[in-house]
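Asks: Protein sequence lines correspond, in order, to chains A and B. By this note's numbering, the letter at position 254 of the first sequence is numbered 254, and the numbering carries on one by one without gaps. By this note's numbering, the letter at position 211 of the second sequence is numbered 1211, and the numbering carries on one by one without gaps. Sending over a structure as structure tokens; questions will come in a sec.
Number of protein chains: 2
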Amino acid sequence: MTKAHGADIPAEIRNRDAMDPLGHLKARFHVPDGLVYLAGNSLGPAPLAIFDEMETAVRSEWAEGLIRSWNDAGWFSLVETLGDRLGRLIGAAAGQTVICDSVSINVYKALQAGLSLRPGRTTIVAEAGSFPTDLYVAEGVVAGHPGVRLLLEGVDADRLEDLIDEKTAVVLVNHVDYKTGALRDMAALNRIIHAAGAIAVWDLCHSAGVVDVQLDAAGADLAIGCTYKYLNCGPGSPAFIYAASRHLDMLSQPLAGWWGHAAPFAFERGYRADGGIRKLLSGTQPILSLRAIGAGLAAIEDVAMADLRAKSLAMTGLFMELVEQSCRTHGLELMTPRDPRLRGSQVSIAFADGYPVIQALIERGIVGDFRAPDTVRFGFSPSYMGFEEVYRAAMAFNEVMNSGSWRDERFARRSIVT
Amino acid sequence: MTKAHGADIPAEIRNRDAMDPLGHLKARFHVPDGLVYLAGNSLGPAPLAIFDEMETAVRSEWAEGLIRSWNDAGWFSLVETLGDRLGRLIGAAAGQTVICDSVSINVYKALQAGLSLRPGRTTIVAEAGSFPTDLYVAEGVVAGHPGVRLLLEGVDADRLEDLIDEKTAVVLVNHVDYKTGALRDMAALNRIIHAAGAIAVWDLCHSAGVVDVQLDAAGADLAIGCTYKYLNCGPGSPAFIYAASRHLDMLSQPLAGWWGHAAPFAFERGYRADGGIRKLLSGTQPILSLRAIGAGLAAIEDVAMADLRAKSLAMTGLFMELVEQSCRTHGLELMTPRDPRLRGSQVSIAFADGYPVIQALIERGIVGDFRAPDTVRFGFSPSYMGFEEVYRAAMAFNEVMNSGSWRDERFARRSIVT
């Protein structure tokens, strides 16, 4: 990668950065010199605090503290203390969120918990356009529940709403679509789901940290999400799972490991689930990765999510405005809704040849990504990015498209991970 | 903690250390000054290489490399590359071991995989004295399979062997008992399990890294284990799971996340399991914790496991010899078998008042642990420890017992994590 496109920045753009009330957040992150990083919807950059945090975790807590750190460094309760902090960023009161395991594992728990709350019901409803792991895991859950079927929006009906009825146990829905960037109205959909007596499971992977999620206020039942995208907590950092407190008594999930036990250190022979949110835990958590989560949250938790959301919308709006003409010229479709109420924090452009376009941009220091078979994605973070970066990215995109430079052979070679 | 007991060390003990062919390994670990660390069966100490490794993982790979590191730093294949390296330490040829998730999650996968290989069979056999999470997870699995029952050695019959018959689908067994330190004969038990047509799942938590485990040679079917005890890979570091290659075609498991898909980046709608060991993966793994595993393995993988095992047995044998008299005097039972073929790498002493004994020893820099309701445990590692430490620990134990100093009130206060 080389330095990002050195376009002259218009005064109006510079002005927006100068007036930005969140402009100070940028200094809390390490973004490599000259890079415009638009892949934070895949992996967020490192918050600067991480360097000290990991040093402390490795040298003081593990190497010096050893087993004492389970108590003295609070390792055992990190899943809850960090969970409550993350909960504040997604509108969840304390005691309803834990950090643990992967998104896939938590989807499994959430679907099983949903089924446990609605015994006798026979369908799980999801989106065919869901991030695939959600569907794979739903398949795995359904295979273990003879009589329960998986119905998909986009396959079994055009609209999710048309699949929800008195047979529906659980509706698994992405808050923001990972491909198009479209945002669901959580409160409105919850009303429809609840009117049918079903349970809503929200996948917040692409909204937590950039959308003003209000789980409690919107009446969500269960939610899951990752911490390594817009929450900037590190590669593959542990995921989270939320359950509304009204469901905690009744729900159960089968990954009944010792961390979910009411008395994990009593070493009882039989499983007795914890009465609170810890019942959604299973086994021992990876402490080094978990420790990084504190640094990620600390970088944004002292500002209002509504302000982050407002800036995010201004950024995606500006980018769409700036690339619209070149998309039209080259017959490319902007997949992301123009209505700010309907989009998350990314701009997606449908283009089957998008892979080499992304490679050509990366060579110019503009890092977006491509998702098979035809989606070019640019993720915008209101925390480590300003309007100047938005402008540079748009100008580079226009230039790569208009010059046709992306057609160069060297951009066609694929890596394992796209 | 203060410096460990400063007993004069007999020449015979010093001699054993001087002659120790593994004596050079000690310099690869950070054990806090003056500490005799006998809790490596709970959390191993930090290998020195970890400091650079984490620095590289955080600064170069995450902060500078960002999403490129999924390819350039091999993040995506770490589960396999590290899995194969770990496999060599437990007698598993390449392509049969992956590092992922927690032990509890992997027990769930292994039991489900075992059931998938033996459809129609109706029992899972396990040990009532198993580490509890294995039983909790087994309960969770059984609850999802109507018609399948969990039978326990110690409850339904005295001997595990008496529970194994033509109804048995899976036998879940601890290679080394976490309380007593007793070691099972893996090959012999596999023969009994296979004679009944059942599947053996071995929990290697307390044997991997100190016992010369030979999964392939012993005919094991599935195995799981942790990396944070005798493998010294960090607090809560991801676990491992092994499946013999002969079973990979047929087995399935329900935690069907995208990392287990045959083409994870094709974003197909339906789940198609990978044909190899990756089918036991589920979601994205915590890369920082995963990166630490390389340092843990590197610290012991260039010596022969048979040599580590020989030294381990010499250490536990010496300790038992040295504490035998004081145990007898105070009516305490040595739970660990004296026969070297029958023990792992820990010495356990049954004592309901063991908690304050451990606290009194910790105050002297001798760190063991206590497991409710009545087990004092001392774990011996042949890698970062010499015979001098064994001697000091035994002398301190004898002194604490003989003086009665453990009865002091200040040793009675419990922490969350015991």
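All C-beta atoms in this analysis are idealised placements derived from N, C-alpha and C, irrespective of residue type, glycine included.
1) If distances are taken between C-alpha atoms only, which option among A:S102, A:P32 and A:W202 comes closest to A:A126?
2) If the cut-off is 7 Å on Cβ atoms, which residues from the region 1030 to 1056 of chain B count as contacting chain A, listed in chain order?
3) Could you compute how far the alpha carbon of B:L1281 sits from the alpha carbon of A:D134?
4) Who are the neighbours of A:H261 on chain B, taking C-beta pairs under 7 Å?
5) Where does A:P10 land, buried or exposed, given buried means 16+ other C-beta within 10 angstroms?
6) For B:L1017, tell me which candidate among B:V1376, B:S1312, B:L1066 and B:G1344 has the shortest Cα-Cα distance.
7) Taking contact to mean at least 3 C-beta pairs separated by less than 8 Å, is the region 274 to 290 of chain A in contact with the region 131 to 146 of chain A?
8) Please state if the CB of B:T1168 and the CB of B:V1148 are separated by a distance shorter than 7 Å.
9) In this structure, how does DSSP classify A:Q346 when only helix, strand and coil are distinguished?
10) If we cut at 7 Å on Cβ distances, does A:A273 have a partner in chain D?
11) Return the first residue and the last residue of the alpha helix (DSSP H) that A:F387 is part of.
12) Identify the contact partners of A:A143 in chain B, using a Cβ-Cβ distance below 7 Å as the criterion.
13) Name the chain B residues whose beta carbon is nearer than 9 Å to that of A:I124?
14) A:I231 by DSSP, collapsed to three states: which one?
15) Can a CB atom of chain B be found closer than 7 Å to the CB of A:W258?
16) Taking C-beta to C-beta, are A:V367 and A:A39 nearer than 7 Å?
17) Is B:F1051 helix, strand or coil by DSSP?
18) Could you check whether the Cβ of B:P1356 sits closer than 7 Å to any Cβ belonging to chain A?
19) In the DSSP assignment, the beta strand (DSSP E) including B:D1084 goes from what residue to what residue?
20) Taking CB distances under 7 Å as the criterion, tell me whether A:Q325 reaches chain B.
21) Per DSSP, B:E1139 is paired with what?
22) Can you give me the start and stop residues for the alpha helix (DSSP H) that B:I1193 sits inside?
23) Which residues, in order along the region 1104 to 1119 of chain B, keep a beta-carbon less than 7 Å from a beta-carbon of chain A?
24) Please go through the same chain and pick out, in chain order, the residues whose beta-carbon is closer than 6 Å to the beta-carbon of A:M335, but skip the five residues on each side of it.
25) Report yes or no: do the region 213 to 231 of chain A and the region 89 to 108 of chain A share at least 3 C-beta pairs separated by less than 8 Å?
26) Any chance you could list the alpha helix (DSSP H) runs of at least 4 consecutive residues sitting entirely within the region 109 to 170 of chain A, in chain order?
27) Just to confirm before moving on: does the CB-CB distance between A:W406 and B:A1046 stay below 7 Å?
28) Nearest by alpha-carbon distance to B:D1177: which of B:C1205, B:G1154 and B:A1187 is it?
29) Does A:H5 come out as helix, strand or coil in the three-state DSSP assignment?
30) Following the continuous alpha helix (DSSP H) through B:I1300, name the residue where it begins and the one where it ends.
31) Would you tell me roughly how many angstroms separate the C-alpha atoms of B:C1327 and B:E1333, rounded to the nearest one?
32) For the beta strand (DSSP E) containing A:R371, name the first residue and the last one.
33) Could you check the C-alpha separation between A:R414 and A:L25 for me, to the nearest Å?
34) Can you pull the chain B neighbours of A:R269, defined as C-beta to C-beta under 7 Å?
35) Have a look at the DSSP bridge pairing and note the partners of B:H1261.
36) From the beta carbon of A:P238, is the nearest beta carbon of chain B less than 7 Å away?
Replies: Inspection of the coordinates gives the following:
1) A:W202
2) H1030, P1032, Y1037, A1039, S1042, L1043, P1045, A1046, I1050, F1051 and M1054
3) For B:L1281 and A:D134, the distance between alpha carbons rounds to 14 Å.
4) Within chain B, the residues near A:H261 are Y1136.
5) exposed
6) The sequence shown places Asp at residue 1017 of chain B, not Leu. When each option's Cα is compared against that of B:D1017, the closest is B:S1312.
7) no
8) no
9) strand
10) Any reference to chain D falls outside this structure, whose protein chains are A and B.
11) F387 to S403
12) P1254
13) By Cβ distance, chain B contributes nothing, its closest Cβ being about 14 Å from A:I124, past 9 Å.
14) The question names Ile, but residue 231 of chain A in the sequence shown is Leu. A:L231: coil per DSSP, three-state reduction.
15) Answer yes: the Cβ-Cβ gap between A:W258 and chain B drops below 7 Å somewhere.
16) yes
17) helix
18) no
19) DSSP places B:D1084 outside any beta strand (DSSP E); the residue lies instead in the alpha helix (DSSP H), whose first and last residues are L1078 to L1089.
20) no
21) Answer is none; B:E1139 lacks a bridge partner.
22) M1186 to A1195
23) S1104, I1105 and Y1108
24) So the list reads T180, S348 and A350, once near-sequence residues are dropped.
25) yes
26) 132 to 143
27) Not a contact, by the Cβ cut-off of 7 Å.
28) B:C1205
29) Note that A:H5 scores a pLDDT of 49, beneath 50, so its modelled location is shaky; the value from the coordinates is reported in the next line. Three-state result, A:H5: coil.
30) Counting along the chain, B:I1300 falls outside any alpha helix (DSSP H), and DSSP gives it neither H nor E.
31) 7 Å
32) D369 to R371
33) 34 Å
34) A1128, P1132 and L1135
35) B:A1273
36) yes
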